[in-house]
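Asker: Chains as they are written, first to last, in full-length UniProt numbering: chain A, 1 to 313; chain B, 1 to 313.
C-beta atoms are modelled at their ideal positions from N, C-alpha and C, and glycine is treated no differently.
Following this message is one structure expressed as structure tokens.
Number of protein chains: 2
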Amino acid sequence: MLAPTTVPMPGLPERVRIYEVGPRDGLQNEAAVVPVAVKAELVTRLVGAGLRTVEVTSFVRPDLVPQLADAEELWAGLARSPGVRYPVLVPNVRGLDRALAAGVEEIAVFGSATESFAQRNLGRSVEESLTMFAPVVATAREHGVPVRAYLSMCFGDPWEGEVPPERVADVAARLMALGCTELSLGDTIGVATAGHVQALLDALAEVGLGVERLAVHFHDTYGQALANTLAALQRGITTVDAAAGGLGGCPFARSASGNLATEDLVWFLHGLGIDTGVDLPALVATSTWLAAHLGRPSPSRAVRALAHQPSPS
Amino acid sequence: MLAPTTVPMPGLPERVRIYEVGPRDGLQNEAAVVPVAVKAELVTRLVGAGLRTVEVTSFVRPDLVPQLADAEELWAGLARSPGVRYPVLVPNVRGLDRALAAGVEEIAVFGSATESFAQRNLGRSVEESLTMFAPVVATAREHGVPVRAYLSMCFGDPWEGEVPPERVADVAARLMALGCTELSLGDTIGVATAGHVQALLDALAEVGLGVERLAVHFHDTYGQALANTLAALQRGITTVDAAAGGLGGCPFARSASGNLATEDLVWFLHGLGIDTGVDLPALVATSTWLAAHLGRPSPSRAVRALAHQPSPS
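What follows is the structure in structure tokens.
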């Protein structure tokens with residue numbers, strides 16, 4: 001079968017916006033630098049498969065993340081389609097300046113719900129990171145540029161263990177108060193389970209952050225990403241992050257830590273009769289093509305199942 | 001983190017019975033025959049990890065399924081624990097006779113919801129298979145032996161495509177009318193999605209088959225098994241089939257078709273505060289041990305994530 005039987009569940013949204021993070025979140029974790037032409041083709045293929053929001057790259061320091069050192073070159077060579085959103089990540093004001101100079105129209109910043117990860121990933125406290133983001137968000141908004149905020153470690157932290165929903169809600173509210181337009185709740189180490197997802201969304205609603213400004217960002221480390229997505233949809237979430245082919249972690253590495261695969265998500269949503277705009281066979285073909293470039297199979301179960309089935313035509 | 005944060009969801013059961021199918025459903029698909037001593041140790045380790053129902057083997061014709069030709073030897077050598085259920089599969093009256101002679105106390109039969117799979121797997125029509133099962137179920141019950149019925153292809157069939165819930169409900173009702181005590185709804189090719197699961201359970205309720213006599217049996221071919229499990233729990237299901245380590249299909253084969261991994265299920269259920277009685281580290285150690293015997297890594301994401309984390313002690 002090349003598509004699931006469509007059977008809706010009452011109370012779920014009619015349409016879900018998939019925020020595709022593969023080119024940035026996925027490829028930044030590759031050991032070898034992917035050629036810029038391959039990256040550009042990946043973005044173009046993803047848009048061709050129907051994805052309407054594709055995070056392209058990060059304007060981060062080239063010496064810190066050599067995988068993304070080609071941000072300007074990639075952006076300049078990208079044939080962008082009307083109606084498609086091409087956000088980029090910026091770590092700070094220098095990154096924002098580069099992104100604005102390149103003509104970027106939408107950005108994202110990357111914060112942490114925990115002190116341990118803020119110190120390790122951002123080199124500063126949660127408080128100091130908010131101070132760092134303030135001028136980034138303000139300047140972006142002055143330029144009419146929407147700002148997504150990623151909040152990582154929303155469900156658990158490898159150094160701190162459990163992360164209380166109330167702490168996440170506190171940091172989330174302060175990030176949004178800076179002027180961010182959307183908040184993506186990151187389960188960076190994949191430890192979230194379904195009840196925890198709903199409890200966090202409830203805690204966020206209590207501080208005034210309704211689902212219309214929220215997205216969920218699950219990793220499939222423990223196989224929970226789709227069950228968590230169902231729990232989130234049941235609370236009204238309509239924006240879900242995913243990476244084509246499950247990019248973002250090697251399934252054979254010490255701890256599998258890939259993003260939710262866009263193909264697994266699309267199969268799930270289409271089975272529920274939820275519109276995504278995505279052409280699943282075209283997306284599978286894209287991930288299969290990229291897997292050949294990366295030299296290893298996609299960890300996505302839907303890709304593995306669909307890549308070898310005969311085409312209906 | 002070695003365990004998820006526990007956050008219940010309202011309306012879910014307090015306890016779930018995991019019906020472990022790895023030794024039978026998993027190992028029957030192995031290319032090489034697994035030594036009987038390894039099988040016995042597997043069952044013993046699974047029980048030691050807290051599983052309270054473990055399907056041991058199938059009393060099938062040795063020339064047809066050489067992987068399970070050691071059924072009598074395995075059963076005779078098994079050190080059984082009090083309070084644990086050790087069902088076996090029997091294909092027909094000859095298999096039942098062998099099982100009863102061996103002293104088996106609980107059996108399962110294996111039917112199909114579709115004509116195509118009945119013909120290919122059982123060599124007869126759905127009607128003829130019910131006729132074949134009738135004396136098996138009757139004789140077993142006369143001996144005080146409970147009978148589980150597996151019903152395969154409940155959500156989709158590779159030859160027929162979509163399988164209507166009403167057809168499944170019809171075959172299910174007739175199987176149960178024979179005297180079966182439990183029915184396991186099999187998504188043999190892994191195509192079920194969450195709304196479809198609830199629609200099938202609703203169709204079964206309409207023909208008088210309530211969730212208290214039903215189990216769900218999902219395959220993770222498209223990554224949907226846990227989301228489907230959540231949908232089933234929300235309808236009141238309390239028995240869930242799974243295979244330790246995701247046995248039952250090779251993740252690198254043409255189409256990944258493994259069972260839901262027991263470890264992924266346990267992580268999910270414990271995160272929801274649902275009691276399973278299972279010691280997850282002991283189960284992971286069992287799957288890691290078996291994977292070494294089989295010469296390939298477990299496809300379970302939880303096993304991969306947990307097997308390499310340091311023990312807390």
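With distances taken between CB atoms, is the gap from B/I237 to B/E14 smaller than 8 Å?
Answerer: For this step, residue 237 of chain B is matched to residue 237 along the second sequence. For this step, residue 14 of chain B is matched to residue 14 along the second sequence. Against a cut-off of 8 Å, the Cβ pair of B/E14 and B/I237 comes out as no contact.
Asker: Would you mind telling me which residues of chain B sit closer than 9 Å to A/A302, beta carbon to beta carbon, in chain order?
Answerer: Stepping through the first sequence from its first residue, residue 302 of chain A is reached at position 302. What A/A302 touches in chain B: T221, Y222, G223, Q224.
Asker: Where does A/H196 fall in DSSP's three states?
Answerer: On the first sequence, position 196 is the one that residue 196 of chain A refers to. A/H196: helix per DSSP, three-state reduction.
Asker: So, is A/L201 buried or exposed, given that buried needs 16 or more other C-beta atoms within 10 angstroms?
Answerer: Translated into positions along the first sequence, residue 201 of chain A becomes position 201. Its Cβ being crowded by 16 or more others within 10 Å, A/L201 is buried.
Asker: Run the CB neighbour count on A/E55, radius 10 Å, all protein chains shown included, and call it buried at 16 or more, exposed below.
Answerer: In the first sequence, counting from the first residue as 1, residue 55 of chain A sits at position 55. So A/E55 counts as buried.
Asker: Nearest chain B C-beta to A/P82 closer than 8 Å, yes or no?
Answerer: Residue 82 of chain A sits at position 82 when you count from the first residue of the first sequence. It does not; no Cβ of chain B falls within 8 Å.
Asker: Counting only beta-carbon atoms, is A/W159 nearer than 8 Å to chain B?
Answerer: Residue numbering aside, residue 159 of chain A sits at position 159 when the first sequence is read from its first letter. No, A/W159 lies away from the interface with chain B (no Cβ there is under 8 Å from its Cβ).
Asker: Using CA coordinates, which residue listed in A/E72, A/G179, A/F218 is at the minimum distance from A/A242?
Answerer: Sequence index remark: in the first sequence, residue 242 of chain A carries index 242 (1-based). The shortest C-alpha separation from A/A242 is found at A/F218.
Asker: Can you tell me whether B/W267 is buried or exposed? The criterion is at least 16 other CB atoms within 10 Å of its CB, across all chains shown.
Answerer: Here residue 267 of chain B corresponds to residue number 267 of the second sequence, with the count starting at 1. Flag for B/W267 reads buried.
Asker: Skipping 5 residues on each side, what residues in its chain have a beta carbon closer than 6 Å to that of A/A3?
Answerer: Counted from its first residue, the first sequence places residue 3 of chain A at position 3. For A/A3, where only same-chain residues beyond five positions count, there are no Cβ hits under 6 Å.
Asker: If I follow the unbroken beta strand (DSSP E) through A/H217, where does it start and stop?
Answerer: One-based indexing of the first sequence puts residue 217 of chain A at position 217. Counting along the chain, the beta strand (DSSP E) containing A/H217 begins and ends at 214 to 218.
Asker: Can you find at least 3 beta carbon pairs, one from the stretch 79 to 97 of chain B and one from the stretch 154 to 168 of chain B, that sit closer than 8 Å?
Answerer: No, because fewer than three Cβ pairs between the stretch 79 to 97 of chain B and the stretch 154 to 168 of chain B fall closer than 8 Å, the two stretches do not touch.
Asker: Contact check, A/A244 vs A/T262 under 8 Å by CB: the rounded distance?
Answerer: Indexing the first sequence from 1 puts residue 244 of chain A at position 244. Indexing the first sequence from 1 puts residue 262 of chain A at position 262. So it is a contact: roughly 5 Å between Cβ atoms.
Asker: I'd like the list of long-range same chain contacts for A/V34, defined as Cβ closer than 6 Å, with 5 residues on each side in sequence excluded.
Answerer: Within the first sequence, the letter at position 34 stands for residue 34 of chain A. So the list reads L27, once near-sequence residues are dropped.
Asker: Using a C-beta cutoff of 8 Å, does A/D264 count as contacting chain B?
Answerer: Residue 264 of chain A sits at position 264 when you count from the first residue of the first sequence. Yes, contact with chain B.
Asker: To which residues does DSSP link residue 324 of chain B through a beta bridge?
Answerer: In the structure displayed, chain B extends from 1 to 313; residue 324 of chain B sits before or after that span and is not available.
Asker: Given a cut-off of 8 Å, decide if B/Y150 and B/V207 are closer than it, judged by their beta-carbon atoms.
Answerer: For the purposes of this step, residue 207 of chain B is taken as the residue at position 207 of the second sequence. For the purposes of this step, residue 150 of chain B is taken as the residue at position 150 of the second sequence. Against a cut-off of 8 Å, the Cβ pair of B/Y150 and B/V207 comes out as no contact.
Asker: What span of residues does the alpha helix (DSSP H) with B/T239 cover, start to end?
Answerer: Position 239 of the second sequence, counting from 1, holds the residue named residue 239 of chain B. Segment 239 to 242 is the beta strand (DSSP E) holding B/T239; no alpha helix (DSSP H) there.
Asker: Name the chain A residues that come within less than 8 Å of B/M9, Cβ to Cβ?
Answerer: In the second sequence, the residue the question calls residue 9 of chain B occupies position 9. Result: A194, G195, Q198, A231.
Asker: Go ahead and pull the three-state DSSP assignment for A/L46.
Answerer: The residue you call residue 46 of chain A lines up with position 46 of the first sequence. The answer is helix: DSSP assigns A/L46 an H, G or I state.
Asker: Identify, in the order they occur along the chain, each residue of the same chain with its Cβ nearer than 7 Å to the Cβ of B/A40, setting aside the five sequence neighbours on each side.
Answerer: Position 40 of the second sequence, counting from 1, holds the residue named residue 40 of chain B. Around B/A40: L74, G77, L78.
Asker: Grab the span of the alpha helix (DSSP H) containing residue 380 of chain B for me, first residue to last.
Answerer: The structure shown has nothing for residue 380 of chain B, since chain B only spans 1 to 313.
Asker: Helix or strand or just coil, what does DSSP make of A/E142?
Answerer: Taking the first sequence and counting its residues from 1, one reaches residue 142 of chain A at position 142. In the structure shown, A/E142 sits in a helix (DSSP, three-state: H, G or I).
Asker: Any Cβ of chain A within less than 8 Å of the Cβ of B/G236?
Answerer: Residue 236 of chain B sits at position 236 when you count from the first residue of the second sequence. No, because no Cβ of chain A sits closer than 8 Å to the Cβ of B/G236.
Asker: Would you list, in chain order, the members of the stretch 271 to 294 of chain A that have their beta-carbon closer than 9 Å to a beta-carbon of chain B?
Answerer: From the stretch 271 to 294 of chain A, only G271, L272, G273 have a Cβ closer than 9 Å to chain B.
Asker: Inspect the CB distances between the stretch 61 to 74 of chain B and the stretch 122 to 133 of chain B and report whether three or more fall short of 8 Å.
Answerer: The answer is no - the stretch 122 to 133 of chain B does not touch the stretch 61 to 74 of chain B, with fewer than three Cβ pairs under 8 Å.
Asker: Please compile the residues from chain A whose C-beta is within a distance smaller than 7 Å of the C-beta of B/P4.
Answerer: Your numbering for residue 4 of chain B matches position 4 in the second sequence. In chain order: V191, T193.
Asker: Which residues mark the beginning and the end of the beta strand (DSSP E) in which A/R17 is found?
Answerer: On the first sequence, position 17 is the one that residue 17 of chain A refers to. Taken as a continuous stretch (DSSP letters only), the beta strand (DSSP E) holding A/R17 covers 17 to 20.
Asker: Can a CB atom of chain B be found closer than 8 Å to the CB of A/G248?
Answerer: In the first sequence, residue 248 of chain A corresponds to position 248, counting from 1. Closer than 8 Å: no.
Asker: Quick one: residues in its chain with C-beta nearer than 8 Å to the C-beta of B/A194, no 5 flanking neighbours on either side, listed in chain order?
Answerer: Locating residue 194 of chain B in the second sequence gives position 194, counting from the first residue. Correct list, in chain order: Q224, A227, N228, L230, A231.
Asker: What span of residues does the alpha helix (DSSP H) with A/W267 cover, start to end?
Answerer: Counting from 1 along the first sequence, the entry for residue 267 of chain A is found at position 267. That run of the alpha helix (DSSP H) goes 262 to 271.
Asker: What is the rounded straight-line gap between the Cα of B/L122 and the Cα of B/I189?
Answerer: Position 122 of the second sequence, counted from the first residue, corresponds to residue 122 of chain B. Position 189 of the second sequence, counted from the first residue, corresponds to residue 189 of chain B. Approximately 17 Å between the Cα atoms of the pair.
Asker: When DSSP builds the beta bridges, which residues end up paired with B/S58?
Answerer: Taking the first residue of the second sequence as position 1, residue 58 of chain B is located at position 58. For B/S58, which the question treats as bridged, DSSP gives the partners B/L89.
Asker: Is DSSP giving A/T288 helix, strand or coil here?
Answerer: Taking the first residue of the first sequence as 1, we reach residue 288 of chain A at position 288. Of the three classes helix, strand and coil, the one that applies to A/T288 here is helix, per DSSP.
Asker: Determine whether the Cβ of A/F117 lies closer than 8 Å to any Cβ atom of chain D.
Answerer: Judged by its chain identifiers, the structure shown contains no chain D, and its protein chains are A and B.
Asker: Check whether the stretch 4 to 11 of chain B touches the stretch 271 to 289 of chain A, counting contact only when three or more Cβ pairs, one atom from each stretch, lie closer than 8 Å.
Answerer: Touching, no.
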